[in-house]
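With the sequence shown counted from 1, adding 6 to any position gets you our numbering. The C-beta atom is built at its ideal place from N, Cα and C for all residues, glycine as well. Remember, it's a predicted structure, so these values are computed and weren't measured experimentally.
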Amino acid sequence: MVGSDTTSYAWDYENRMTTVTLPGSGGTVSFKYDPFGRRIYKSSSSGTSIYAYDGDNLIEETNSSGGVVARYSQTQNIDEPLAMLRSGATSYYHADGLGSVTSLSSAAGSIANTYTYDSFGKLTNSTGSLVNPFRYTARESDTETDLYYYRARYYDQVGGRFVSEDPIRFNGGPNFYTYVNNSPLNFNDPFGEFPTWWHREMTNQLALAVFGGKCASKAKAVADANANVDAFNHRIGWDLVGSTIGFSQFITNSGEGWAQPGPHFPNAGTLEKARSLPLQTCSLKDLGESLHTMQDACAHSGWSSFDHYTHLGAPDKQAASGGIGDAAMMETVSLLRAFKSKCLSCCQ
Numbered sequence: 007m008v009g010s011d012t013t014s015y016a017w018d019y020e021n022r023m024t025t026v027t028l029p030g031s032g033g034t035v036s037f038k039y040d041p042f043g044r045r046i047y048k049s050s051s052s053g054t055s056i057y058a059y060d061g062d063n064l065i066e067e068t069n070s071s072g073g074v075v076a077r078y079s080q081t082q083n084i085d086e087p088l089a090m091l092r093s094g095a096t097s098y099y100h101a102d103g104l105g106s107v108t109s110l111s112s113a114a115g116s117i118a119n120t121y122t123y124d125s126f127g128k129l130t131n132s133t134g135s136l137v138n139p140f141r142y143t144a145r146e147s148d149t150e151t152d153l154y155y156y157r158a159r160y161y162d163q164v165g166g167r168f169v170s171e172d173p174i175r176f177n178g179g180p181n182f183y184t185y186v187n188n189s190p191l192n193f194n195d196p197f198g199e200f201p202t203w204w205h206r207e208m209t210n211q212l213a214l215a216v217f218g219g220k221c222a223s224k225a226k227a228v229a230d231a232n233a234n235v236d237a238f239n240h241r242i243g244w245d246l247v248g249s250t251i252g253f254s255q256f257i258t259n260s261g262e263g264w265a266q267p268g269p270h271f272p273n274a275g276t277l278e279k280a281r282s283l284p285l286q287t288c289s290l291k292d293l294g295e296s297l298h299t300m301q302d303a304c305a306h307s308g309w310s311s312f313d314h315y316t317h318l319g320a321p322d323k324q325a326a327s328g329g330i331g332d333a334a335m336m337e338t339v340s341l342l343r344a345f346k347s348k349c350l351s352c353c354q
């Protein structure tokens with residue numbers, strides 16, 4: 007039985023939230039999505055919004071009549087808004103180390119809005135009257151439902167948990183609703199599937215163990231470079247036109263259909279380059295990126311580039327279980343030891 011103070015949720019057959027029925031006379035909020043899972047429509051008693059994207063980043067919002075409500079400038083990374091144009095005025099975003107929006111400023115540099123959150127993203131204080139969707143971890147805040155839209159699912163900032171199960175289920179941990187393994191000060195989850203943490207966390211822990219405590223900053227730099235491979239290149243553009251294969255070559259390389267050698271789907275040649283490059287350059291960035299490629303050789307076994315795109319980063323889920331994770335850890339430790347021996351005399 008649903009009481010008068012109950013909020014009801016409904017999902018479609020692909021587990022995308024379609025409606026939220028609010029308590030009392032709050033009405034219903036409805037959502038629609040494109041074939042790639044991006045939310046393109048939101049309607050409530052306060053109006054209708056139509057959304058346009060550049061990859062996974064929101065860049066424009068229009069109303070039901072087609073009029074532009076707001077435009078957003080974003081970096082090439084995921085969830086890094088730079089500026090908002092709304093009602094003829096441009097505002098600029100400022101964020102903390104986690105990527106949460108902490109304030110907006112005007113073109114003249116004066117602060118217009120400010121935001122303060124608790125550890126799990128609950129808004130504890132705010133100032134200013136600008137309408138702004140991007141808040142905690144730069145995700146979109148739906149004021150109608152008090153939920154955050156995290157792409158694959160929606161996040162309850164008050165409860166500090168998602169309102170639906172993790173699409174990757176046990177590969178994301180035993181609790182299907184937890185947010186970033188209950189470690190919100192260290193991680194974020196732009197896709198609601200918690201994939202990239204595995205690359206960063208495993209690499210950081212193993213690098214610390216191999217390099218030693220006095221090289222903790224170097225371990226972190228390697229882990230950050232590793233995770234940024236997904237942050238920069240998770241979209242199909244990298245899989246099609248990455249540094250190891252061009253678009254035309256991809257089209258004509260039909261031996262394995264959508265599968266092709268690249269950073270996320272390495273062949274033997276790409277793996278050999280990954281193992282040797284950081285030992286030639288002694289670059290922490292090269293080491294992190296090479297480790298990502300070696301880890302993906304295990305994590306993406308059996309996946310194609312098309313899978314990598316349509317699952318929005320979720321292929322990394324395979325790395326969280328069993329022998330796949332063990333194999334990736336062994337590869338990681340081996341290269342870390344070789345790198346320390348050749349390039350990090352200060353850590354000896």
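- A Cβ-Cβ separation of about 6 Å places T130 in contact with Y123 under the 8 Å criterion.
- With 16 or more other CB atoms across the displayed protein chains lying within 10 angstroms of its CB, G127 is buried.
- Looking at the backbone, the Cα of R167 and that of R22 are separated by about 17 Å.
- Taken in chain order, no unbroken stretch of alpha helix (DSSP H) lies wholly in the region 121-147 with a span of 4 residues or more.
- When rounded, the separation of the alpha-carbon atoms in G33 and S55 is 16 Å.
- Beyond the five residues adjoining it in sequence on each side, S125 comes within less than 7 Å, by CB distance, of P190 and L191 in the same chain, given in chain order.
- Looking at the DSSP output, G53 shares a beta bridge with S50.
- By the Cβ neighbour-count rule, P41 is exposed, with fewer than 16 other Cβ atoms within 10 Å of its own.
- It is roughly 6 Å from the alpha-carbon of Y154 to the alpha-carbon of Y160.
- The region 219-234 makes no contact with the region 137-144; the number of CB pairs closer than 8 Å stays below 3.
- No Cβ-Cβ contact shorter than 8 Å links Y59 with R77.
- At a Cβ-Cβ threshold of 8 Å, A114 and Y99 do not count as neighbours.
- Residue environment analysis places P173 among the buried positions, since at least 16 neighbouring C-beta atoms fall within 10 angstroms of its C-beta.
- Going by beta carbons, F197 and R145 fall outside the 8 Å limit.
- Judged by DSSP in its simplified three-state form, T12 adopts coil rather than helix or strand.
- Taking every protein chain shown into account, the CB of N232 has 16 or more other CB atoms within 10 angstroms, so this residue is buried.
- In this structure, T143 lies near D85, with their beta-carbon atoms less than 8 Å apart.
- Note that the C-beta distance between L290 and K224 is below 8 Å.
- Remark: C-beta atoms of C288 and C349 approach each other more closely than 8 Å.
- As the crow flies, the alpha-carbon of D195 is around 23 Å from that of T120.
- Under the three-state reduction of DSSP output, A333 falls in the helix class.
- For D85, there is no enclosing beta strand (DSSP E), since its DSSP letter is neither H nor E.
- The alpha-carbon of N83 is positioned some 14 Å away from that of A101.
- Secondary structure at E171: coil, using DSSP grouped into helix, strand and coil.
- T151 carries a coil assignment under DSSP once its states are collapsed to helix, strand and coil.
- Counting of Cβ neighbours within 10 angstroms places Q80 among the buried residues, the total reaching 16 or more.
- Taken atom to atom, the span from the alpha-carbon of F37 to that of S109 is near 28 Å.
- By a beta-carbon distance limit of 8 Å, G294 contacts T209. Their separation comes to about 7 Å.
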